[in-house]
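Taking our numbering, the leading residue of the sequence shown gets 16, the next gets one more, and so forth.
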Amino acid sequence: MSEAKKPVLGGTAKSDYENYVRTDELLSLQKSPSEWEHRDELLFAVVHQSSELWLKLAISELTEATDYLKKNDIRGALRLFDRIAICMRQCHEALDMLEKMSPWDYQQVRRALGHGSGFDSPGFNGLRKGVPGLGKEFHRLLGEANIDLLTLYLNDRKYEDLYLLAEALTELDERIYLWRHRHYKVVERSIGAKVSGTQGTPVEILSKLNSFTFFPEIWDIRTTITNHALAEEAKKSAY
Ligand code: HEM
């Protein structure tokens, strides 16, 4: 083996790629074929485990973005928002793979899941806990600038950074919302809409969660803006 190929990092693997990525540990985190109830357990595990990893990264970026906002560094936070959105997109795309599993095959996989439920996803629960903190900092910054949401949106260039932050929050909210909708369709396509999940939760509950949004106020402001424009037009035509 040439000098340049010899591992120099600590670890037991035969190359530094494997030592660094920890491929031995990573690739042993999925059941082996002899342990499978059904061969699609590998597909199911890969989609879930990779989603948890992307969500782990999202939470890490989100935590740091919140810290930037606490220090009034909006631009520092904005860079990280893009990363969080990409993490959500990766989770969204990964759901496609689950629809390549037939509904009957999923019933065989389901036998291996015990009472496992997405409600206990550390990644998604971390998002649920962390995202409101971003909104809290945004509203504090609005307060410090002495403006409300309507003033911000009517004077977006004047308050460029705050406006970009408001739109980044909207984008994040939308991405999580889109993931939820996509997940709901995957569930409906796999097990149906009128049954219960592995922890006994009726799938109808999921459809109710579809309308959830972290920041209703930054969605409602669009309605306020439209009404504001209509009121201005009405005023003009009254003259
Ligand atoms: C065939 C694939 C899937 C099926 C059939 C499925 C099914 C379900 C069901 C029935 C629920 C309601 C709670 C329960 O009773 O378990 C649920 C919730 C949930 N699942 Fe899945 N799921 C699938 C894939 C995924 C994937 C890949 C993720 C990625 C992390 C995920 C994350 C979640 C989360 C976070 C919830 C809570 C929903 C919320 O708070 O809106 N699921 N899933």
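The C-beta atom is built at its ideal place from N, Cα and C for all residues, glycine as well.
As the structure is a prediction and not an experimental result, all values here were calculated from the model.
When the Cα of residue i is compared with those of the options, which residue comes out closest?
| i | options | result |
| --- | --- | --- |
| residue 242 | 165, 210 and 230 | 165 |
| residue 2 | 137, 45, 72 and 70 | It is not possible to answer for residue 2, since the shown part of the chain is limited to 16 through 254. |
| residue 68 | 119, 104 and 16 | 104 |
| residue 132 | 73, 89, 218 and 80 | 218 |
| residue 232 | 125, 63, 252 and 167 | 167 |
| residue 178 | 196, 156, 188 and 199 | 156 |
| residue 146 | 80, 28 and 136 | 80 |
| residue 138 | 254, 253, 64 and 238 | 64 |
| residue 50 | 163, 239, 127 and 244 | 127 |
| residue 82 | 20, 173 and 95 | 95 |
| residue 122 | 30, 213, 76 and 161 | 213 |
| residue 244 | 72, 93, 253 and 169 | 169 |
| residue 221 | 234, 202 and 238 | 202 |
| residue 24 | 161, 174 and 37 | 37 |
| residue 109 | 163, 198 and 120 | 198 |
| residue 87 | 223, 172, 173 and 160 | 160 |
| residue 70 | 136, 240, 162 and 39 | 136 |
From the DSSP output, in three-state form, read off residue i for me.
| i | result |
| --- | --- |
| residue 22 | coil |
| residue 136 | coil |
| residue 30 | coil |
| residue 75 | helix |
| residue 65 | helix |
| residue 17 | coil |
| residue 117 | coil |
| residue 211 | strand |
Could you check whether the Cβ of residue i sits closer than 7 Å to any heavy atom belonging to ligand 1?
| i | result |
| --- | --- |
| residue 53 | no |
| residue 195 | yes |
| residue 198 | yes |
| residue 106 | yes |
| residue 216 | yes |
| residue 89 | no |
| residue 228 | no |
| residue 192 | no |
| residue 74 | no |
| residue 136 | yes |
| residue 153 | no |
| residue 113 | yes |
| residue 99 | no |
| residue 202 | yes |
| residue 221 | yes |
| residue 61 | no |
| residue 224 | yes |
| residue 165 | no |
| residue 110 | yes |
With 16 other CB atoms within 10 Å as the buried threshold, where does residue i fall?
| i | result |
| --- | --- |
| residue 129 | exposed |
| residue 56 | buried |
| residue 59 | buried |
| residue 236 | buried |
| residue 215 | exposed |
| residue 43 | exposed |
| residue 158 | exposed |
| residue 188 | buried |
Review point. For the segment 140–147 against the segment 199–213, are there 3 or more C-beta pairs whose distance is under 8 Å?
Key: no
Review point. Is there contact here, the segment 144–163 with the segment 107–114, by at least three beta-carbon pairs under 8 Å?
Key: Counting C-beta pairs with one atom in each stretch, the segment 144–163 and the segment 107–114 have fewer than three that are closer than 8 Å, which means they do not touch.
Exercise for review: Decide yes or no for the touch test of the segment 88–99 against the segment 180–200: beta carbon pairs closer than 8 Å, at least 3 of them.
Suggested key: yes
Practice item. Take every Cβ of the segment 189–203, pair it with every Cβ of the segment 221–240, and state whether three or more of those distances are shorter than 8 Å. Key: Between the segment 189–203 and the segment 221–240 there are three or more inter-stretch CB-CB distances shorter than 8 Å, so the stretches are counted as touching.
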